[in-house]
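Numbering (my numbering), first residue to last: 131 to 378.
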């Protein structure tokens, strides 16, 4: 009798970045799960991969389904595949993780499968990153994936977020940080045009340093291969108008 091979469930999990212009913070979208597995846990938005779509299309559909925003494909990129056998409590799930860069931070309403949803600030402190929300403050894992999953096994799959989503977010942070000097896609969360001040804030956040540690004129010179001056200015806020820049 032929062996029956069980197949893992394939999901697309999306790290959706945006920027809160009021608090001047980088934020990520999290939802509190209404159902098992991991009922009551906060998690990244995710969806099952349909037989009629590829993973890129599913990542864009997920954004449209969850928050009603239509994005072009250049606003999203594949991050990594997470396939550890211990990442779920029940049926095995394989996650195709993406990052998406949302230029506007819309108001949120919990949808099907969620009891709450929030834009959660991502903050750096002493070489570690934290998710900070009124309900929790989560230190993201500063460790290797192997060590992370080994700790999950020891703790009987009790992660802080659902599944291994804190590892996925930390992986996304590392990806963004490593690409700052050659492909800073994260700046798309500022919209088509941005000020050097806001760009510096984002760089400082992911580098784990203060904004004042990044000199404005030097920052412009060392990054002129990545973005250019548009010739326009913004009059938002106090002081003299700030020049606007755009990614090349």
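Just so it is clear, CB atoms sit at the ideal spot from N, CA and C, and this is done for glycine as well.
Bear in mind that the values here come from a model prediction, so they are computed numbers and not experimental data.
(Q) According to DSSP, is residue 174 part of a helix, a strand, or is it coil? (A) coil
Q) Quick one, are the C-beta atoms of residue 158 and residue 247 less than 8 Å apart? A) Against a cut-off of 8 Å, the Cβ pair of residue 247 and residue 158 comes out as no contact.
Q: Assign residue 378 to one of three DSSP states: helix, strand, or coil.
A: Note: residue 378 maps to coil in three-state DSSP.
Q) Is it true that the CB of residue 328 sits closer than 8 Å to the CB of residue 254? A) no
Q: May I ask you to report which of helix, strand or coil DSSP gives residue 230?
A: strand
Q: Let me know if residue 351 comes out buried or exposed under the rule of 16 or more other beta-carbons within 10 Å of its beta-carbon.
A: exposed
(Q) Could you give the first and the last residue of the continuous beta strand (DSSP E) run that contains residue 362? (A) 357-364
Q.
Please state the DSSP three-state secondary structure of residue 195.
A. helix
Q) Taking the alpha helix (DSSP H) that residue 351 falls in, what are its first and last residues? A) Looking at the DSSP string, the run of the alpha helix (DSSP H) that includes residue 351 is 346-352.
Q. When the Cα of residue 212 is compared with those of 340, 315, 313 and 140, which residue comes out closest?
A. 140
Q) With distances taken from CA atoms, which of 222, 137, 277 and 195 is nearest residue 238? A) 195
(Q) On the DSSP bridge list, what partners appear for residue 258? (A) Bridge partners of residue 258: 255.
Q. What did DSSP end up calling residue 333 once you bin it into helix, strand or coil?
A. helix
Q: List the DSSP bridge partners of residue 278.
A: DSSP lists no partner for residue 278.
Q: Could you give the DSSP three-state label for residue 207: helix, strand or coil?
A: strand
Q.
Assuming the contact rule is C-beta atoms closer than 8 Å, residue 372 and residue 245 should be a hit. Round their C-beta distance to whole Å, please.
A. The Cβ separation is near 40 Å, so there is no contact.
Q. Taking buried to mean at least 16 other C-beta atoms within 10 Å of its own C-beta, is residue 389 buried or exposed?
A. What the structure shows of the chain is the stretch from 131 to 378, and residue 389 is not part of that stretch, so it cannot be assessed.
Q. Relative to the C-alpha of residue 321, which residue among 353, 375 and 346 is closest?
A. The shortest C-alpha to C-alpha distance from residue 321 to any of 353, 375 and 346 is the one to 375.
Q: For my contact list, residue 209 and residue 302 are in at a C-beta cut-off of 8 Å; report their separation, rounded to the angstrom.
A: Indeed they touch by this definition, with Cβ atoms about 6 Å apart.
Q.
With H, G and I counted as helix, E and B as strand and the rest as coil, what does DSSP make of residue 323?
A. coil
Q. Between the C-alpha atoms of residue 341 and residue 225, what's the straight-line distance to the nearest angstrom?
A. 35 Å
Q) Based on the DSSP secondary-structure assignment, which residues constitute the bridge partners of residue 309? A) Paired residues: none, contrary to the question.
**Q.** 6 Å Cβ shell around residue 214 - same chain, five flanking residues per side excluded
**A.** 279
Q. Near residue 223, which residues of its chain fall below 8 Å by C-beta distance, leaving aside the five closest residues on each side in sequence?
A. 138, 139, 140, 141, 217 and 293
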